[in-house]
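Trainee:
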Amino acid sequence: MANRSHNNTRHIAMNSLKKAGKSHSSLETIDVSTTNETTHAIITCDCLELLRQIPDESIQLIVCDPPYNILMSDWDNHHDYVEWASKWLVEAKRVLASTGNLVIFGGLQYQGEAGSGDLLSLMQYLRSGDLLLANLIIWYYPNGMGAQRFFSNRHEEIAWYGKTRKYYFDLDSVREKFDEKTKQAYLRDKRLRPESIEKGKNPTNVWRINRLNGNSKERVGHPTQKPIVLIQRIIRALSYPNSMVLDFFAGSGVTSRVAIAEGRNSICSDIDPSLHTYFDEHMKNFYEQNPLFYSNLKHKVYRDDEFNMHPVFQVAREGNFSRKI
Ligand SMILES: C[S@@+](CC[C@H](N)C(=O)[O-])C[C@H]1O[C@@H](n2cnc3c(N)ncnc32)[C@H](O)[C@@H]1O
Numbered sequence: 001m002a003n004r005s006h007n008n009t010r011h012i013a014m015n016s017l018k019k020a021g022k023s024h025s026s027l028e029t030i031d032v033s034t035t036n037e038t039t040h041a042i043i044t045c046d047c048l049e050l051l052r053q054i055p056d057e058s059i060q061l062i063v064c065d066p067p068y069n070i071l072m073s074d075w076d077n078h079h080d081y082v083e084w085a086s087k088w089l090v091e092a093k094r095v096l097a098s099t100g101n102l103v104i105f106g107g108l109q110y111q112g113e114a115g116s117g118d119l120l121s122l123m124q125y126l127r128s129g130d131l132l133l134a135n136l137i138i139w140y141y142p143n144g145m146g147a148q149r150f151f152s153n154r155h156e157e158i159a160w161y162g163k164t165r166k167y168y169f170d171l172d173s174v175r176e177k178f179d180e181k182t183k184q185a186y187l188r189d190k191r192l193r194p195e196s197i198e199k200g201k202n203p204t205n206v207w208r209i210n211r212l213n214g215n216s217k218e219r220v221g222h223p224t225q226k227p228i229v230l231i232q233r234i235i236r237a238l239s240y241p242n243s244m245v246l247d248f249f250a251g252s253g254v255t256s257r258v259a260i261a262e263g264r265n266s267i268c269s270d271i272d273p274s275l276h277t278y279f280d281e282h283m284k285n286f287y288e289q290n291p292l293f294y295s296n297l298k299h300k301v302y303r304d305d306e307f308n309m310h311p312v313f314q315v316a317r318e319g320n321f322s323r324k325i
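Just so you know, our numbering puts 217 at position 217 of the sequence shown, and the rest follows in order with no gaps.
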C-alpha cells in the first residue's frame, strides 16, 4: 500500500510538472552531455573489499545479481545470508549518488531450498531502510525448464530502488514502438498527441525477454549470464551517458559490455577471476557484431592491479577518502 501511494504521488507530481512546462528534478540537475570516451575497471575482488574502496555518492547505477544460497556453486553457501547481504547493501547505498538507482535480481521460487536468503529476504530487510522501491519488475521469459510438481517457472524478479526521490529515470530511452496498424489508428484519434504516439509506449513493469538458451550465441560460459537486452534496458533507463555503473557480482561482465556500448563508465568485479576471460569473450563477440564500434567507441579498460587508475578511485588515491580496507 505504502509503495502504491508513493507511485501515485509520483505520477501526480510528474503530471503537474509537465502541465507547468517543467521537468522532473532528476532531469534538471544532470548534465546529459555525451562523450564516446569511457573508462572501465574489470577486477577480481570480493564485493565488500571493492565497495569499501569506492567513495561516497560516486555511482549512478548498481546492477546487482547476487548469489542466493541455492548451492549452485562454491560461492553460493552463506550461512546467514541476510547478515552477509546487509553488509554490501549498506555499502551500496553509501556509494550511490542522490540520483542513483539500485537494481537487485532474484527469484522467489527457491525459498524452500534457499535456507536463509532469497530476493524476498533482501526486500524485507530493505523495507526498514530508506531506499525507495520504485518498481518490482517481472522479467517474464517464455523459454525454460518444464516441471511436474508445480507450474513451470517463467519469471524472475528485479527490484529497482532509488536512493532518493530524485532518482534518475529516462522512460523515453526505453519506450516500445507501436506496431504500424496501432500507430495509424492512434494517429487518427484526435484526443491523442501525435508526438506521444511517435515516442512509443511505456514497456511496463513486466518485461518479456527470453533467457539465454544453453546454445545461445550470446553465451560466454558463465552459468547464470543475463541477456544483453535486459541489462541494456536497465542501463538506458536508470543511468545517463557518461555516468558510472557498478556491478560487484559481475559474473560474465555483461554490465561492462553494455556500458561500453551505451557510453557509460563502469566497474565490474567478481570473486571469480574467470570474469576476465568471460569479459574478453563478450568484447570479441561485440566487435564481431559491431565492427564500426571498434574505431568509433573509445574506451579504456583497467584490470586488477591497475584498477585504482580508474577515475572513481582517484578520490581515494588523492587522500580525500579515508576509508581503508
Ligand atoms: C548470479 S552471478 C552474476 C551473473 C552476472 N549478472 C551475469 O549476467 O553474467 C553471481 C556472481 O557473484 C559472484 N560472487 C559470489 N560471491 C561473491 C563475493 N563475495 N564477492 C564478489 N563476487 C561474488 C559469483 O562468482 C558469481 O559470478
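For glycine and all other residues, C-beta sits at the position ideal for the given N, C-alpha and C.
#1: With hydrogens ignored, establish whether the beta-carbon of Gly106 is closer than 6 Å to any heavy atom of ligand 1.
#2: Can you tell me the Cβ-Cβ gap for Val174 and Pro203, rounded? I've got them flagged as a contact below 8 Å.
#3: Sorted by chain position, which residues of the same chain lie with C-beta nearer than 6 Å to Tyr302's C-beta, five sequence neighbours on each side aside?
#4: Would you mind giving the Cβ-Cβ distance between Asp65 and Lys226, rounded to the nearest angstrom? I have them listed as a contact below 8 Å.
#5: Work out the CA separation of Tyr141 and Thr255 for me, nearest whole Å.
#6: Between the Cα of Leu50 and the Cα atoms of Phe150, Ile271, Ile209 and Met123, which residue gives the shortest distance?
#7: Taking the Cβ atom as the reference point for each residue, do Thr99 and Tyr161 lie within a distance shorter than 7 Å?
#8: The alpha helix (DSSP H) spanning Thr171 covers which residue range?
#9: Is the Cβ-Cβ distance between Met244 and Ile62 less than 7 Å?
#10: Please work out which residues of its chain come closer than 6 Å, Cβ to Cβ, to Leu275, disregarding the five sequence neighbours upstream and downstream, and give them in chain order.
#11: Quick check on Arg233: buried or exposed, where buried means 16 or more other Cβ atoms within 10 Å of its Cβ?
#12: Can you tell me whether DSSP reads Ala85 as helix, strand or coil?
#13: Can you give me the Cβ contacts of Glu306 inside the same chain, cut-off strictly under 7 Å, excluding the 5 residues immediately before and after it?
#14: Would you report the Cα separation of Pro194 and Pro55, rounded to the nearest angstrom?
#15: Using the beta-carbon of each residue, find all residues closer than 5 Å to any heavy atom of ligand 1 and list them in chain order.
#16: Just checking my contact of Glu176 with Gly200 at CB under 8 Å: how many whole Å lie between their CB atoms?
#17: Determine the closest residue to Glu57 out of Val90, Thr44, Cys47 and Trp84, with distance taken between C-alpha atoms.
#18: Quick one: what's Thr277 bridged to in DSSP?
#19: Can you name the start and end residues of the beta strand (DSSP E) that Ala237 belongs to?
#20: Reducing DSSP to helix, strand and coil, say where Ser58 ends up.
#21: Taking the straight line between their C-alpha atoms, what separation do you get for Thr34 and Gly263?
#22: For Met283, does the count of other Cβ atoms within 10 angstroms reach 16, so buried, or fall short, so exposed?
#23: What are the boundary residues of the alpha helix (DSSP H) that Arg188 is part of?
#24: If you check the beta carbons only, do Ser239 and Cys45 fall under 7 Å apart?
#25: Hey, how far is the Cα of Leu126 from the Cα of Gly107?
#26: Measuring only the C-alpha atoms, how far is Leu292 from Ala261?
#27: Going by DSSP in three states, Val312 sits in which element: helix, strand or coil?
#28: State the CB to CB distance for the pair Asn385 and Asn143, rounded to an integer number of angstroms; the pair is presumed to be in contact (CB under 8 Å).
#29: On the DSSP letters alone, give me the boundaries of the beta strand (DSSP E) that Ser98 sits inside.
#30: Smallest Cα separation from Val312: which of Phe279, Lys298 and Asn265?
#31: Could you work out which residue in Gln124, Phe279 and Phe151 is closest to His222 when comparing CA atoms only?
#32: In three-state terms, what does DSSP make of Met244?
#33: What is the rounded straight-line gap between the Cα of Arg257 and the Cα of Val206?
Mentor: Working from what's here:
#1: Along the sequence shown, one-based indexing puts residue 106 at 106. Checking the Cβ of Gly106 against ligand 1 gives no.
#2: Sequence index remark: in the sequence shown, residue 174 carries index 174 (1-based). Sequence index remark: in the sequence shown, residue 203 carries index 203 (1-based). Correct: roughly 6 Å between the Cβ atoms.
#3: If you number the sequence shown from 1, residue 302 lands on position 302. Setting aside the 5 residues that flank it on each side, Tyr302 is surrounded in the same chain by Ala41, Met309 and His310, each with a C-beta closer than 6 Å to its C-beta; the list follows chain order.
#4: Working through the sequence shown from its first residue, we reach residue 65 at position 65. Working through the sequence shown from its first residue, we reach residue 226 at position 226. Indeed, because the Cβ distance is near 6 Å, the residues count as touching under 8 Å.
#5: What you label residue 255 is simply residue 255 of the sequence shown in a count that begins at 1. What you label residue 141 is simply residue 141 of the sequence shown in a count that begins at 1. The straight-line gap from Cα to Cα measures roughly 20 Å.
#6: Position 50 of the sequence shown holds residue 50. Checking every option, the nearest Cα to that of Leu50 belongs to Ile271.
#7: Along the sequence shown, one-based indexing puts residue 99 at 99. Along the sequence shown, one-based indexing puts residue 161 at 161. No, they are not a contact pair.
#8: Here residue 171 refers to the residue found at position 171 of the sequence shown. Looking at the sequence provided, one finds Leu at residue 171 rather than Thr. Careful: Leu171 lies outside any alpha helix (DSSP H) and carries neither H nor E.
#9: As a working note, residue 244 is residue 244 in the sequence shown. As a working note, residue 62 is residue 62 in the sequence shown. No, they are not a contact pair.
#10: Taking the first residue of the sequence shown as 1, we reach residue 275 at position 275. These residues qualify, in order along the chain: Ala250 and Gly253.
#11: Numbered from 1 along the sequence shown, position 233 holds the residue referred to as residue 233. Counting Cβ neighbours within 10 Å, Arg233 comes out buried, since at least 16 surround it.
#12: By one-based count along the sequence shown, residue 85 stands at place 85. Three-state DSSP puts Ala85 in a helix.
#13: As a working mapping, residue 306 is identified with position 306 in the sequence shown. If we look at Glu306 and ignore the five residues flanking it on each side, it has no Cβ neighbours.
#14: If you number the sequence shown from 1, residue 194 lands on position 194. If you number the sequence shown from 1, residue 55 lands on position 55. Rounded to whole angstroms, Pro194 to Pro55 spans 45 Å at the Cα level.
#15: Asp46, Cys47, Asp65, Pro67, Trp75, His222, Thr224, Gln225, Lys226, Phe249, Gly251, Ser252, Val254, Asp270, Ile271 and Asp272
#16: On the sequence shown, residue 176 is found 176 positions in, with the first residue counted as 1. On the sequence shown, residue 200 is found 200 positions in, with the first residue counted as 1. Confirmed, about 5 Å.
#17: As a position in the sequence shown, residue 57 is number 57, starting the count at 1. Answer by Cα proximity: Val90.
#18: In the sequence shown, the residue the question calls residue 277 occupies position 277. Thr277 is not bridged to any residue.
#19: The sequence position of residue 237 within the sequence shown is 237, counting from 1. Looking at the DSSP string, Ala237 is not in any beta strand (DSSP E); the run it does join, the alpha helix (DSSP H), is Ile228 to Leu238.
#20: Residue numbering aside, residue 58 sits at position 58 when the sequence shown is read from its first letter. Residue state, collapsed to three classes: coil.
#21: Position 34 of the sequence shown, counted from the first residue, corresponds to residue 34. Position 263 of the sequence shown, counted from the first residue, corresponds to residue 263. Because the pLDDT at Thr34 is just 49, under 50, the model does not fix this residue reliably, and the point stays unresolved.
#22: Walking along the sequence shown from the start, residue 283 turns up at place 283. Buried, because 16 or more other Cβ atoms sit within 10 Å of the Cβ of Met283.
#23: Looking up residue 188 in the sequence shown gives position 188. Residue range Glu180 to Arg188 is occupied by the alpha helix (DSSP H) that includes Arg188.
#24: Working through the sequence shown from its first residue, we reach residue 239 at position 239. Working through the sequence shown from its first residue, we reach residue 45 at position 45. Contact: no.
#25: On the sequence shown, position 126 is the one that residue 126 refers to. On the sequence shown, position 107 is the one that residue 107 refers to. Rounded to whole angstroms, Leu126 to Gly107 spans 16 Å at the Cα level.
#26: Counted from its first residue, the sequence shown places residue 292 at position 292. Counted from its first residue, the sequence shown places residue 261 at position 261. Roughly 11 Å between the two C-alpha positions.
#27: As a working mapping, residue 312 is identified with position 312 in the sequence shown. If DSSP states are grouped into helix, strand and coil, Val312 belongs with the helices.
#28: Nothing in the structure corresponds to residue 385, since the chain is present only between 1 and 325.
#29: Stepping through the sequence shown from its first residue, residue 98 is reached at position 98. Start and end: Leu96 to Gly106.
#30: The residue labelled residue 312 in the question sits at position 312 within the sequence shown. If we check each option's Cα against that of Val312, Asn265 comes out closest.
#31: In the sequence shown, counting from the first residue as 1, residue 222 sits at position 222. That would be Phe279, whose Cα lies nearest to the Cα of His222.
#32: Stepping through the sequence shown from its first residue, residue 244 is reached at position 244. If DSSP states are grouped into helix, strand and coil, Met244 belongs with the strands.
#33: Position 257 of the sequence shown, counted from the start, is the residue given in the question as residue 257. Position 206 of the sequence shown, counted from the start, is the residue given in the question as residue 206. Taking the straight line from one Cα to the other gives about 24 Å.
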